[in-house]
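K.L.:
All the letters of the sequence shown, read from the start, carry residue numbers 11 to 326 under our numbering. Idealized CB from N, CA, C, for every residue including glycine.
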Amino acid sequence: MLATFLIGLREGLEAALVVGILVAYLRRLGRSDALPRLWAGVGLAVALALGIGAVLTFGAYALTFEAQELIGGLLSLLAVAMVTWMIFWMQKAGRTMNATLEGGLDRALTQGGIWALVAIGFVSVAREGIETTLLLWSMVQSFGGAPSALIGAVLGLLTAVVIGWLLARGAMRLDLRRFFTWTSGFLVIVAAGVLAYAIMDLQEAGALPGPFTAAAPIDAATGAVALGWAAFPFGWAFDVTNVIAPDSAWATILQATVGFMPRMTWLQVAAWVLYLVVVGFFFVRGLRARRPSEPRTPTSEEQDRSASALTQQGAA
């Protein structure tokens with residue numbers, strides 16, 4: 011519940027801020043008459059996200075188990091790709107978001123077409139909505155459709171709407187840069203877990219080699235799929251289900267926070283580690299690049315040259 015709450019809060023707040031910027035700019039221009047068209051676009055984006063969620067949830071019942079796992083794995087991969095792109099996009103474009111959105115709104119107002127403003131509202135929210143739907147759907151699937159996960163997501167989205175409204179009214183202040191930095195770091199870890207779950211889905215569907223396919227290494231003593239180093243690369247990396255039950259609260263918490271499952275394959279572990287190392291490296295490097303450089307203390311030679319130049323200017 012906590013993991014999906016944080017995701018709903020983070021993604022919902024980003025969408026709420028985008029809408030808030032657009033609404034505030036229209037009011038500043040004295041074009042409140044254009045607000046209904048903007049809200050129409052926002053409403054269509056929300057309806058699209060809900061429709062995708064409904065199709066993913068109810069449409070899977072008519073599919074075979076292998077087809078469900080294949081579609082679930084591919085959609086989880088899509089969610090990881092979208093989240094990863096969003097994390098780095100926010101790092102690069104966060105500072106110019108206001109100008110970008112206002113520029114697009116200016117062009118829509120200049121063109122004067124009703125569909126231009128509808129499109130601005132739709133595009134501004136649709137990306138966040140689809141991304142949130144895919145990510146939350148993947149996480150809920152990995153938890154076995156737990157109702158608490160859905161409740162957490164809804165509470166997070168509602169909280170985001172309230173916070174966005176308070177920020178727009180000036181009744182609340184929030185260090186958005188720090189908020190998005192911390193939550194982006196959290197999303198890197200969550201995305202690694204979703205990627206590991208996607209690998210499991212694809213292995214169960216037979217799309218990737220693993221313990222459920224003929225490529226699985228067999229333990230000669232037990233006749234079961236091998237475990238540990240002997241199972242590398244298509245068997246089980248570890249199995250601690252006798253210590254942490256897969257349906258226990260601890261298993262759910264660990265999976266929601268760090269992507270850990272009581273039993274994981276070598277491909278899952280490799281994907282999880284590789285994602286954290288690569289994406290984590292570029293994420294941290296992006297944070298360091300954003301920090302303002304500290305003023306450098308001039309050397310004594312530079313100070314002498316500067317003083318000499320000032321003396322010559324004074325003499326002139």
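Of the choices 273, 233, 238 and 112, whose alpha-carbon is the least far from that of residue 250?
P.N.:
Comparing Cα positions, the closest option is 273.
K.L.:
Just the C-alpha distance for residue 211 and residue 83, rounded to the nearest angstrom, thanks.
P.N.:
5 Å
K.L.:
Does DSSP classify residue 254 as helix, strand or coil?
P.N.:
Here residue 254 sits in coil by DSSP.
K.L.:
What residue range is occupied by the uninterrupted alpha helix (DSSP H) comprising residue 15?
P.N.:
12-38
K.L.:
Is residue 21 close to chain C? Criterion is C-beta to C-beta, closer than 8 Å.
P.N.:
Any reference to chain C falls outside this structure, which holds one protein chain only.
K.L.:
Decide if the region 207-221 is in contact with the region 183-193; the criterion is three or more beta carbon pairs, one per stretch, under 8 Å apart.
P.N.:
Not touching, per the Cβ criterion.
K.L.:
Based on Cα-Cα distance, which residue from 45, 299, 41 and 282 lies nearest to residue 202?
P.N.:
Selected option, being the one with the closest Cα: 282.
K.L.:
Write down every uninterrupted run of the alpha helix (DSSP H) in the region 40-85 whose length is 4 residues or greater and which is fully enclosed by it, in chain order.
P.N.:
45-69
K.L.:
Over the uninterrupted alpha helix (DSSP H) stretch that includes residue 211, give me the two end residues.
P.N.:
186-214
K.L.:
My guess is that residue 159 and residue 14 are in contact by the Cβ rule of under 8 Å, so how many angstroms apart are they, rounded?
P.N.:
Indeed, because the Cβ distance is near 5 Å, the residues count as touching under 8 Å.
K.L.:
Just verifying my parser: in three-state terms, what is the DSSP assignment at residue 299?
P.N.:
helix
K.L.:
What does the alpha-carbon distance come out to for the pair residue 199 and residue 267?
P.N.:
7 Å
K.L.:
What would DSSP say about residue 314, mapped onto helix, strand or coil?
P.N.:
Bear in mind that a pLDDT of 45 at residue 314, under 50, signals an unreliable position, so the model cannot answer this.
K.L.:
Counting only runs of 4+ residues fully inside the region 221-276, write out the alpha helix (DSSP H) ranges in chain order.
P.N.:
259-268
K.L.:
Here's the rule: buried if 16 or more other CB atoms are within 10 angstroms of the residue's CB, otherwise exposed. What is residue 289?
P.N.:
The residue in question, residue 289, is buried, as its Cβ has 16 or more Cβ neighbours within 10 Å.
K.L.:
Check whether the region 52-62 and the region 138-157 touch, using three or more Cβ-Cβ pairs below 8 Å as the test.
P.N.:
yes
K.L.:
To the nearest angstrom, how far is the alpha carbon of residue 255 from that of residue 261?
P.N.:
7 Å
K.L.:
In or out: residue 76 buried (at least 16 other Cβ within 10 Å) or exposed?
P.N.:
exposed
K.L.:
Check this for me: beta carbons of residue 220 and residue 244, under 8 Å apart or not?
P.N.:
When the beta-carbon positions are compared, residue 220 and residue 244 come within less than 8 Å of each other.
K.L.:
Residue 236 and residue 228 - do their beta-carbons sit closer together than 8 Å?
P.N.:
With a cutoff of 8 Å on beta-carbon distance, residue 228 and residue 236 are scored as near each other.
K.L.:
Measure how close the beta-carbons of residue 131 and residue 48 come, nearest whole angstrom, since I'm counting them as under 8 Å.
P.N.:
4 Å
K.L.:
Applying the 10 Å Cβ sphere with the 16-neighbour rule, what's the burial state of residue 152?
P.N.:
Residue burial annotation: residue 152 is buried, with at least 16 other C-beta atoms found within 10 angstroms of its C-beta.
K.L.:
Are the beta-carbon atoms of residue 163 and residue 263 separated by less than 8 Å?
P.N.:
no
K.L.:
Does the beta-carbon of residue 137 have 16 or more other beta-carbons within 10 angstroms, so that it is buried, or is it exposed?
P.N.:
buried
K.L.:
Give the secondary structure of residue 219 by DSSP, where H, G and I count as helix, E and B as strand, and everything else as coil.
P.N.:
coil
K.L.:
What is the DSSP secondary structure of residue 137, counted as helix, strand or coil?
P.N.:
helix
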